[in-house]
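Numbering (the working numbering), first residue to last: 49 to 413. The structure appears below as structure tokens.
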RNA sequence: GGGUAGGUGGCGGAGCGGUCAAUCGCACUUGACUGUAAAUCAAGCAGCCUCAGGCUUUCGGGGGUUCGAAUCCCUCCCUACCCA
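What follows is the structure, given as structure tokens:
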């Protein structure tokens, strides 16, 4: 499933091969929780050029539900998206919907955030849903606390996550199952989690439970202690991260896959990522050169420049001005969000393309 | 000409003797968002200062009552509707 092509320090360039195609890595997966990157059509995604999407087990289970998904050929059929899809297991909702759920060793009892209906998510159910969705990469159902977490909570998280990972593997089809390393900010627990999961054996390894409020340095430290314990012939996925510089730092530590709501959510809120020079990342992968601006600021009221003159996305190439986009935001025209989402997601995809290019071009043989 | 109801901060609109520099909504300003309950949320929004507090000018204009008024009285101006 994973093929390495080049290496620069610990940074790796390679490919993940799935039933729906090949994903060059390091890669960023835009988030289509409910089967759509918010505001974008497939034609937008085609222009953006992302090779894979992330969708969500919990949300798609609630709507449209398993019967519909079965009837329409899974999420690929429903969306008419023919490239790879990775599904998160619902583990994140155990965290984000904490007030609506009850944790048990067997699984998690939820009250639907939509109508309050009770459901019981287990590792087995999560696997079944992900198979019905037809995802190319499926995530084990996991559990993690927020930050800061007590050692006891972190230990509990590791134990439950390992136990559930076993059950996921026992249930699952043979290919495309990733496990998730937990352990909060405790280096030894991270190591223990990694070792237990590697022992079981998966197609890829994710690092989860990070970017939940801990200092960035703690996150980097956890990557430093975890990644050396993961098989180097399997893809490494840092879940939910993050800002461009965090992605670059993680790539330099050996991470291959990323997802994050930031580009799409920030776009909806009028915050856009901008080039400060033509190349986002230099040949040494030193840093990401960029800045963020709040388009809703009065500063842009009459700014007729294209949104980001150094960007090649369709929004910027079409010449939409900052003044126009600011106006669209101020009158709440939905076009604003589509145009900025196209831009921000394109920015992330370009960032990854540049990182891959730099690794491949300057790889040590 | 007569009658009735009103005139409050950018707008709408509370308040109807002290706890009012004035609820609230909108608009506006700035800032956050990290495996998406998020087209969301937070803060600010008379001026000034030695800024967990203090001071100065505000509730159509003017005058009065009162220890104290956006709130009561007189008067003027203006708006809406009704009657002639």
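Quick reminder that beta carbons are idealized off the backbone N, C-alpha and C, glycines included. Note that this is a predicted model, so its numbers are computed, not measured.
Where does residue i fall in DSSP's three states?
i, result
"residue 112", "coil"
"residue 86", "coil"
"residue 56", "strand"
"residue 379", "coil"
"residue 67", "coil"
"residue 73", "strand"
"residue 241", "helix"
"residue 269", "helix"
"residue 255", "strand"
"residue 98", "coil"
"residue 118", "helix"
"residue 366", "coil"
"residue 344", "coil"
"residue 350", "coil"
"residue 264", "helix"
"residue 81", "coil"
"residue 411", "coil"
Kindly give me the distance between the Cβ atoms of residue i and residue j, rounded to whole angstroms, as I take these residues to be in contact under 8 Å.
i, j, result
"residue 407", "residue 54", "5 Å"
"residue 235", "residue 253", "The Cβ separation is near 17 Å, so there is no contact."
Using a Cβ-Cβ cut-off of 6 Å (strictly less than) and excluding sequence neighbours within five positions of residue i, which residues of its own chain qualify?
i, result
"residue 244", "210"
"residue 92", "390"
"residue 179", "none"
"residue 295", "306"
"residue 212", "171, 189"
"residue 365", "none"
"residue 290", "259, 308"
Leaving out the 5 sequence neighbours to the left and right, which residues in its chain are closer than 7 Å to residue i when beta-carbon positions are compared?
i, result
"residue 262", "195, 233"
"residue 377", "318, 343, 344, 384"
"residue 136", "102, 104, 105, 187"
"residue 392", "311, 312, 314, 315, 320, 321"
Could you pull out every residue in the same chain whose Cβ sits closer than 8 Å to the Cβ of residue i, ignoring the five residues on either side in sequence?
i, result
"residue 82", "103, 104, 107, 108, 111"
task: Check whether the segment 93-105 touches the segment 142-152, taking contact to mean three or more Cβ pairs, one atom from each stretch, closer than 8 Å.
output: Cβ pair count under 8 Å is below three, so no.
- prompt: In the segment 176-237, which residue ranges form an unbroken alpha helix (DSSP H) of at least 4 residues, counting only runs that do not cross its ends?
  reply: Annotation: the segment 176-237 contains the following complete segments of the alpha helix (DSSP H) (minimum length 4 residues), in chain order: 199-219.
field: alpha helix (DSSP H) segments (min. 4 residues) lying fully within the segment 122-186
entry: Fully enclosed alpha helix (DSSP H) runs of 4 or longer: 122-127, 139-144, 171-181.
message: Report the start-end ranges of each beta strand (DSSP E) in the segment 275-335 that is 3 residues or longer and not cut off at the edges.
response: Fully enclosed beta strand (DSSP E) runs of no fewer than 3 residues occupy 284-286, 305-307, 319-323 of the segment 275-335, in order along the chain.
query: How do the segment 296-305 and the segment 266-283 stand: do at least 3 beta-carbon pairs fall below 8 Å, yes or no?
result: Contact holds: three or more Cβ-Cβ distances are below 8 Å.
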